[in-house]
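> Quick one: the structure is below, and I'll ask about it shortly.
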Amino acid sequence: MSPAGVKRWAGDCARIAHEAIDSFEAFGSGDLQHLFGKPVPAKVAARAIGFPEEPVEMYRRWTDSFLDAMIRDPGAQQRVIAEMYAFFDEQFELKRQKLREAGVDEPASTHVGTVLDDSLTSVLMTTPYRGRYLTNDELRRTIRGFFVGGVDTTGALMLNTLYRLLEQPPLWQQVKADPALIDVAIEESLRLEPPAMGMFRGTPRQVTIAGETIPEGSRVLFSVLSANRDPAHFSDPDIFRLDRKDERHIAFGSGAHFCPGAWTARMEARIALRILIERLPNLRLTGPIQYFDAINFWIVRHFPAAWN
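Taken in order, the sequence shown gives residues 16 to 323; the numbers are from the numbering used here.
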């Protein structure tokens, strides 16, 4: 999951982005969230995890259910977890079968990319933790976190960045002329409109912040969005700029809470935006963007656009 490690998925990410555009380019217009922003990160996540890419509608249903659970329907995720875990277990067993067929009794890292594919699941299944291998339940929970946590937020990063560029056509032209600015645009989008606008934390003891006492055992929502727009740190904090000198932000958290999928999300967004620019240079907005109504997520629901 390091910057160097995620590069092994770059080729698949580009292929998946091209295949998505191949499937809808002839339409001339449509909802880019449905056509691109959801299926591309879902398929890339499946590839990275080591699962088949094809059942993208099933993956879409899973991630939609978890998003609904976080926004308005707490029971939504429970309705898909059984299906999700059964599918996960099937995939784990397929990998174990490959190991058995190869005569492997003690899986090791040398079997990743040889007997098994080079996926995250293969790494987890062949890496002992405190003298033992992870149980199926531990594998399920880890893979679920990567999958559910990385699909909608990565799609949001792609489309939030794209929206800010298309909203100001001179910026779109500027990035088209100089693709090196794609990385700048991504970081500025993360600062201005982080897909996860806030994070919940618990207080293990009583703490005092800015003169306010928070009791032990409290649930606290801290605002990533507020920190990323701190006027004491950023000039013109509410403006999307490609010439910002200080692009530091906490969209992916920090320290022990830094998002392990940060470099994967950045890589996907970079490749997806580059390919959109190359394949759909006449891309433009055709209506207002719609977002999910959530207190702590900045995730696109509909992205009407044309490219003919």
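Note that the Cβ used here is the ideal one computed from N, Cα and C, for glycine as well. Just so it is clear, the structure is predicted and the values come from calculations on it, not from any experiment.
(1) Between the Cα of P219 and the Cα atoms of E208, R234 and R155, which residue gives the shortest distance?
(2) Please classify Q48: is it buried, with 16 or more other beta-carbons within 10 angstroms of its beta-carbon, or exposed?
(3) Does the region 200-218 come into contact with the region 246-265, if we say contact requires no fewer than three beta-carbon pairs (one atom in each stretch) closer than 8 angstroms?
(4) Assuming M214 is part of the alpha helix (DSSP H), what are its boundary residues?
(5) Return the CA-CA distance between V119 and R62, expressed in angstroms with no decimal places.
(6) Considering S45, what are the terminal residues of the beta strand (DSSP E) in which it resides?
(7) For the putative contact between R299 and A277, defined by C-beta atoms under 8 angstroms, what is the C-beta separation to the nearest angstrom?
(8) Roughly how far, in whole angstroms, is the beta-carbon of V28 from the beta-carbon of I286, given that I think they are within contact range, below 8 angstroms?
(9) Within 10 Å of its beta-carbon, does D193 have 16 or more other beta-carbons around it, so buried, or fewer, so exposed?
(10) Hey, how far is the Cα of A35 from the Cα of A57?
(11) In chain order, what residues of the same chain have a beta carbon less than 7 angstroms from the beta carbon of R281, not counting five sequence neighbours either side?
(12) With distance defined between alpha-carbon atoms, name the residue in A117, R289, G226 and R159 nearest to D198.
(13) Do you know how far the Cα of A225 is from the Cα of D167?
(14) Assuming G52 contacts F318 under a Cβ cut-off of 8 angstroms, what Cβ separation, rounded to an integer in Å, is found between them?
(15) Within 10 angstroms of its Cβ, does A46 collect 16 or more other Cβ (buried), or is it exposed?
(16) Which residues bound the alpha helix (DSSP H) around A320?
(17) Taking the runs of the alpha helix (DSSP H) that are 4 residues or longer, which of them lie wholly in the region 93-136?
(18) Pick out the complete alpha helix (DSSP H) segments inside the region 212-272, 4 residues or longer, and give them in chain order.
(19) What first and last residue would you give for the alpha helix (DSSP H) that runs through V163?
(20) Does the Cβ-Cβ distance between Q92 and F103 come in under 7 angstroms?
Judging by the given coordinates:
(1) For this step, residue 219 is matched to residue 204 along the sequence shown. Answer by Cα proximity: R234.
(2) By 1-based counting over the sequence shown, the position of residue 48 is 33. The residue in question, Q48, is buried, as its Cβ has 16 or more Cβ neighbours within 10 Å.
(3) yes
(4) In the sequence shown, the residue the question calls residue 214 occupies position 199. No alpha helix (DSSP H) contains M214, which is instead part of the beta strand (DSSP E) from G213 to G217.
(5) Taking the first residue of the sequence shown as position 1, residue 119 is located at position 104. Taking the first residue of the sequence shown as position 1, residue 62 is located at position 47. Whole-angstrom Cα-Cα distance: 24 angstroms.
(6) Position 30 of the sequence shown, counted from the start, is the residue given in the question as residue 45. Checking the sequence, you will find Gly at residue 45 rather than Ser. First-last of the beta strand (DSSP E) with G45: S44 to D46.
(7) Counted from its first residue, the sequence shown places residue 299 at position 284. Counted from its first residue, the sequence shown places residue 277 at position 262. Not really, about 30 angstroms apart at Cβ, beyond 8 angstroms.
(8) In the sequence shown, counting from the first residue as 1, residue 28 sits at position 13. In the sequence shown, counting from the first residue as 1, residue 286 sits at position 271. Note that residue 28 is Cys in the sequence shown, not Val. Rounded, the Cβ-Cβ distance is 5 angstroms, consistent with contact.
(9) Indexing the sequence shown from 1 puts residue 193 at position 178. Exposed, by the Cβ-count rule.
(10) As a position in the sequence shown, residue 35 is number 20, starting the count at 1. As a position in the sequence shown, residue 57 is number 42, starting the count at 1. So the two alpha carbons sit approximately 12 angstroms from each other.
(11) To locate residue 281, count along the sequence shown from 1; it is residue 266. These residues qualify, in order along the chain: I201.
(12) In the sequence shown, residue 198 corresponds to position 183, counting from 1. Nearest option by C-alpha distance: R289.
(13) Residue mapping note: residue 167 aligns to position 152 of the sequence shown, counting from 1. Residue mapping note: residue 225 aligns to position 210 of the sequence shown, counting from 1. Roughly 34 angstroms between the two C-alpha positions.
(14) Residue 52 sits at position 37 when you count from the first residue of the sequence shown. Residue 318 sits at position 303 when you count from the first residue of the sequence shown. G52 to F318, Cβ: 6 angstroms. Contact.
(15) Start at 1 with the first residue of the sequence shown, and residue 46 comes out as number 31. The sequence shown places Asp at residue 46, not Ala. Buried is the call here.
(16) Here the question's residue 320 lines up with position 305 in the sequence shown. Unbroken run through A320 is the beta strand (DSSP E), P319 to A321; no alpha helix (DSSP H).
(17) 93-116
(18) 239-243
(19) The residue you call residue 163 lines up with position 148 of the sequence shown. Element bounds for V163: N151 to E182.
(20) For the purposes of this step, residue 92 is identified with residue 77 of the sequence shown, where counting begins at 1. For the purposes of this step, residue 103 is identified with residue 88 of the sequence shown, where counting begins at 1. In this structure, F103 does not lie closer than 7 angstroms to Q92 by Cβ.
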